[in-house]
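Quick note on numbering: the sequence shown equals residues 2 to 987 in the numbering used here. Just so it is clear, CB atoms sit at the ideal spot from N, CA and C, and this is done for glycine as well. It should be emphasised that the depicted structure is a prediction, and the values quoted were computed from it without experimental measurement.
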Amino acid sequence: MDGVPRVPEQRRPGSSADTAEQAGALRFGVLGPVRAWRGEEQLPTGSPQQRALLAALLLREGRTATAAELIDALWGEEPPSQALAAVRTYASRLRKVLDPGVLVSESGGYAVRGLAEGALDLATAQELAAEAEKARGAGDLCHARDVLGRALALWDGEVLAGVPGAYAEAQRVRLEEWRLQLLESRLDMDLEQGCHAEAVSELTALTAEHPLRERLRELLMLALYRSGRQAEALAVYADTRRLLADELGVDPRPDLKELQQRILQADPGLAEPSAPVGDPPVLPVRPAQLPATVPDFTGRSAFVSELSEVLATSEGRVMAVSALAGIGGVGKTTLAVHVAHQARSAFPDGQLYVDLQGAGPRAAEPETVLGSFLRALGTADSAIPDSLEERSALYRSVLDGRRVLVLLDNARDAAQVRPLLPGTEGCAALVTSRVRMVDLAGAHLVDLDVMSPDEALSLFTKIVGEERVASEREAALDVVAACGFLPLAIRIAASRLAARRTWTVSVLAAKLADERRRLDELQAGDLAVKATFELGYGALDPAQARAFRLLGLADGPDISLAAAAAVLDLPAEDTEDLLESLVDTSLLESAAAGRYRFHDLVRLYARACAERDEQPPSEREEALSRLLDFYLATTAQVYAIEHPGDRLIDDLEPTNYPGLRITGQAAALDWLYTEAGQLLACVRQAAGTDRLRRAVDLLWAAKDLTESGANSHQYEMAARATCGATRAFGNDRAEGRARTVLSDVLLVSGRIRQAEEEARVAMELAASAHDSTAVSWVANNRGLICLHEGRFADGKVFFDQALEGLRAAGNRPFEATALGNLSRAHLGMGNIAKAVEIAQHGLTAHMEIGRTVRLANGHFALGVALTRAGRYTEALRRFCDALGIFNDHRQRLWEGVTHFRIAEVHLADRRPSQAAQHAEQALALGCIGGDRMQGNVLTLLGRALATLGQADRARACWREALNLYEQNSAAEADEVRALLTSAAAA
């Protein structure tokens, strides 16, 4: 038996601990064009002579080539006069391209050093040839053939293609001869294993390409004879003898003559391979079962890199397993197939694929899958055992020593996957599932989320076309947002648009804007978002399905565990178990510890299921009622903690479902600001239902959100929604309260005229409904509006009205706040001493109650009065006390106003630098009063800067202030115009 030929006159390279498979490592190719790569990036190798220099150094495998040797290799016997300089130039250029320390100067010559194992294709081919020789010597022809095939696959066209010079030509001849020897050796083993029929075609082509190569002719004759084609085998010999005589004047070599005689004699020894492998002969199969990757694969670069890195480390590990989990339609299969295709070269022994149908009613059985895999790997049906355990053991045995990638798509659970894992070194598995496989030992878990907006728009554009999207970019963004950035939904929407040339992107966006019709619109051909969700929903048990339906009813960005327990009317522990099980199915997401959320499209589907399946229908209303009760009861507790003694909570609608038990100010504020978006969404959702009065009272109890600057827009939208709903219901009490909170929002944002209109109507409605609490609240608001408008006497009347009602109700904290406001009315009327006295009374009342957020209002009111009295040191002390309390209670807008008042004190006391500093802080934080108050801060900042000699910057502040005043038709505009005129004249 012949051995596998070694490369002529070529040394085996030394081994290295590193490998060229490492990310970013240098790789070189000489078995084709001379090329270099860093990772996947091909590097420029320069002119033909420069490539010739690189090839000469690479072929010396780390040995130093002298300058004379390199000149001879590049130009032979007729080098140019500047040959040495040219060599140095080429070497210098290559150094700039390659990694530092790779091309080194040594003893007047050059060498390529420090390459990782496998960095040179020729060295890899040598190692594979040696491995094949060893396997053949051990009788493992199957492995030897496979390894030789991998070695031969490294050739990529003509060796050193395009490289000039006699040296390159000699290397081409040498390496081509070696390739043919390897090929002959592999074909010889083909025939030894009984693959003669398959070999005839390849040998026919090879003998035509190399007509004088007698070994190929010999192999062709034997293959033909064993295929029952004796006459053709003898004809090959006759052709060969004639050709050799005509071309070379010689006879065939003895081995060929002997074969001819044995064929003529029908020698029985020729009829069978010398090393039969059984009946029937089985070729080692390299399955390539991966589905085609999509041509418009988009984004996911971080996930591609992460998964590729895991697969790249499979060699030397027992097994690399990556499990992708995510909602249906998020692109798990697309990503896995894309990554698997990119990693194919790392798994030369094949790639297996199966759809395990885990989301459907009848998931694939592991026994069946293993049978399919074993057949794909070349196992005869008769050799495949019956039991799961035996099939799994045989599967691992067949994979032993091979490098195979297994893609297990759409798995049901870890139990279905475990028998299908290779479990051997060098193999890897990619698993996709809607279930997060935390119980799959050793798996690298990847949670796949929806696309980013940029990725989503890019995918949409690739399918629809750049021209159509470019002209309607905003509409396209609306479309992908309506799809919830879910790849399947985007693909369906884009495919529908691409198939309808008369539609614009805006038409599609309009169709998707209707939430009740959106899921019906997202279907094209056999693709449908709803059908994808239906598979997951159908696999839920009754308790999970009920939780899925009811939780989908609640608006809001997410939901806490406690709120979900209220919706489901279950203990928190049972609720958590249900929610976590839904997270495991990817129908629900875990937004953070103790918080959960739906994807937008899944929420729409859950609601559709609730409307279709929830029985009795009243259960939906009861679930939302419990949620509203939970928010109202808990928010009332927060208000009581923040405003001890305030009687407002005594006048709220009663609740049937309890809230959380909260202790301590910090916990109360944490809950309120964390749940702000959810409770305001609950208010909006309750508008237009019989839950409306409770929804309005929830806004009342959450009024601290307005002055904090947090969720201001959502609060206003909720207030407007309740105003419209209460008006339609004809409920004066609820409408009066809704308009009161709306006037609060408008007042805080500086929209004084709108605030006055709402407050006026609110007072009429509150009086009509005999709602004394609302009358006192709105009277205080109308007094504040008067202060903004400079109607101080009218303001005093409203404050006196508010104080009368608050004293009658025994609402001491709110009474103390109203006293501070009354103090400011007296300031406006010039009663400074009276104002200080009233503000002091208000502060004293607050201090009796304790350190609450209202105490800060007391310090603030007294600070304003003391400033007008010229008592700047005392005023600063009060403002600083107020600032600390506002900060503790997260009242950002009040912090801003306080900084403005401190700036006023500093400027009045001739400290312009400190005044400018605090004015800047006020601008950064924002202030109660909106744009108009911002204009006041800018005007004061300009004054401080002008005093500091920064005239240009001062004028810029005043111009910005003037613009704000003019937009709001504010009287302060005249003052700023005068400042600008004066500055221009200076």
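Boundaries (first-last residue) of the beta strand (DSSP E) holding residue i
i: residue 411; result: 406-412
i: residue 107; result: 104-107
i: residue 309; result: Note, residue 309: premise wrong, no beta strand (DSSP E); alpha helix (DSSP H) at 302-313.
i: residue 43; result: 42-44
i: residue 36; result: 36-39
i: residue 29; result: 27-30
i: residue 113; result: 110-113
Assigned secondary structure, residue i (DSSP; H/G/I helix, E/B strand, else coil)
i: residue 445; result: strand
i: residue 322; result: strand
i: residue 62; result: coil
i: residue 354; result: strand
i: residue 287; result: coil
i: residue 118; result: strand
i: residue 396; result: helix
i: residue 658; result: coil
i: residue 276; result: Note that residue 276 scores a pLDDT of 46, beneath 50, so its modelled location is shaky and nothing firm can be said.
i: residue 439; result: coil
i: residue 524; result: strand
i: residue 891; result: coil
i: residue 19; result: Its pLDDT being 40, under 50, residue 19 is placed unreliably in this model, and the value from its coordinates should be taken loosely. Here residue 19 sits in coil by DSSP.
i: residue 692; result: coil
i: residue 596; result: strand
i: residue 464; result: helix
i: residue 48; result: coil
i: residue 282; result: Low per-residue confidence applies at residue 282: pLDDT is 41, beneath 50, and the placement is therefore not dependable enough to give any value.
i: residue 388; result: coil
Cβ-based burial, residue i [other Cβ within 10 Å; buried from 16]
i: residue 967; result: exposed
i: residue 745; result: buried
i: residue 332; result: buried
i: residue 993; result: Examination of residue 993 is not possible in this model, given that the chain is present from 2 through 987 alone.
i: residue 319; result: With a pLDDT of 47 at residue 319, under the threshold of 50, the modelled position of this residue cannot be trusted; read the value that follows with caution. Under this definition residue 319 is an exposed residue.
i: residue 717; result: buried
i: residue 587; result: buried
i: residue 192; result: buried
i: residue 252; result: exposed
i: residue 174; result: exposed
i: residue 261; result: buried
i: residue 10; result: Residue placement at residue 10 is flagged as unreliable, the pLDDT there being 44, under the threshold of 50; the coordinate-derived value follows with that caveat. When all chains shown are included, residue 10 counts as exposed.
i: residue 574; result: exposed
i: residue 911; result: exposed
i: residue 881; result: exposed
i: residue 97; result: exposed
i: residue 41; result: exposed
Cβ-Cβ separation, residue j to residue i (assumed contact under 8 Å), whole Å
i: residue 647; j: residue 812; result: 6 Å
i: residue 637; j: residue 653; result: 6 Å
i: residue 208; j: residue 216; result: Wrong, their Cβ atoms sit about 10 Å apart, outside the cutoff.
i: residue 85; j: residue 72; result: 7 Å
i: residue 923; j: residue 904; result: 7 Å
i: residue 245; j: residue 126; result: That pair is no contact at about 31 Å.
i: residue 353; j: residue 288; result: 6 Å
Limits of the unbroken alpha helix (DSSP H) element including residue i
i: residue 643; result: 619-643
i: residue 237; result: 231-248
i: residue 336; result: 333-343
i: residue 430; result: No alpha helix (DSSP H) contains residue 430, which is instead part of the beta strand (DSSP E) from 429-434.
i: residue 367; result: 367-377
i: residue 864; result: 854-869
i: residue 97; result: 84-98
i: residue 841; result: 833-850
Review point. If we count Cβ pairs, one from each stretch, closer than 8 Å, do we get three or more for the region 522-536 versus the region 557-568?
Key: As far as the Cβ criterion goes, the region 522-536 does not touch the region 557-568, which means the pair count is below three.
Check your understanding: How about the region 336-346 and the region 383-402: do they share at least three Cβ pairs that are nearer than 8 Å?
Key -> Verdict: no, contact absent.
Check your understanding: So, do the region 499-513 and the region 570-582 have three or more beta carbon pairs nearer to each other than 8 Å?
Key -> The answer is no - the region 570-582 does not touch the region 499-513, with fewer than three Cβ pairs under 8 Å.
Check your understanding: How about the region 846-854 and the region 879-896: do they share at least three Cβ pairs that are nearer than 8 Å?
Key -> Contact between the region 846-854 and the region 879-896 is present, because at least three Cβ pairs lie under 8 Å.
Check your understanding: Per the contact definition of three or more C-beta pairs closer than 8 Å, is the region 126-138 in contact with the region 148-157?
Key -> These segments touch.
Review point. Per the contact definition of three or more C-beta pairs closer than 8 Å, is the region 535-555 in contact with the region 616-626?
Key: Output reads yes: the region 535-555 touches the region 616-626.
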